[in-house]
């Protein structure tokens, strides 16, 4: 059974890019443009890993992360952020995020990180 990855980003281009990369790697992928969609997918499909953008209109990344962890503590979450706000990154780690990438990110680094964390 292939691992499931949820990509949460309000930017369509980033979702499509990540979706394509991880489908080629053999993962089952899901996409969400906002927090409501993301939480619906988490409840319904139980992804193994979530790539979560921090700056999303409406429910922000911190709130989405909290709610994901309330639904399933074991889901691995990697944060994507456009700014190096250390306090926000620190807060996400305290809430259970395993790591973060600053945008623009190196797609190969993200792919390697996902592979590493899903093979554990």
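In UniProt numbering, the protein residues as written are 1 to 120.
A virtual CB, placed ideally from N, CA and C, is assigned to each residue, including glycine.
These figures come from a predicted structure and were not determined experimentally.
Using only CA atoms, which one of the options lies nearest to residue i?
i	options	result
residue 97	52, 60, 47 and 110	52
residue 60	117, 33 and 90	33
residue 21	93, 54 and 110	110
residue 92	26, 54 and 58	54
residue 78	100, 57 and 90	100
residue 3	19, 27 and 14	27
residue 46	115, 88 and 73	73
residue 56	113, 48, 38 and 69	38
residue 15	80, 71, 87 and 119	80
residue 6	18, 19 and 30	30
residue 42	76, 17, 13 and 18	76
residue 10	119, 64 and 107	64
residue 106	17, 12 and 8	17
residue 103	58, 82, 69 and 13	82
residue 49	68, 94 and 89	68
residue 90	117, 62, 116 and 108	62
residue 66	113, 95, 118 and 117	95
Could you tell me how far apart the beta carbons of residue i and residue j are, in whole angstroms, since I believe they sit closer than 8 angstroms?
i	j	result
residue 58	residue 35	6 angstroms
(request) May I have a chain-ordered list of the beta strand (DSSP E) segments no shorter than 3 residues that lie completely inside the UniProt domain "Response regulatory" (4 to 118)? (result) 4 to 8, 28 to 32, 49 to 53, 76 to 81 and 99 to 102
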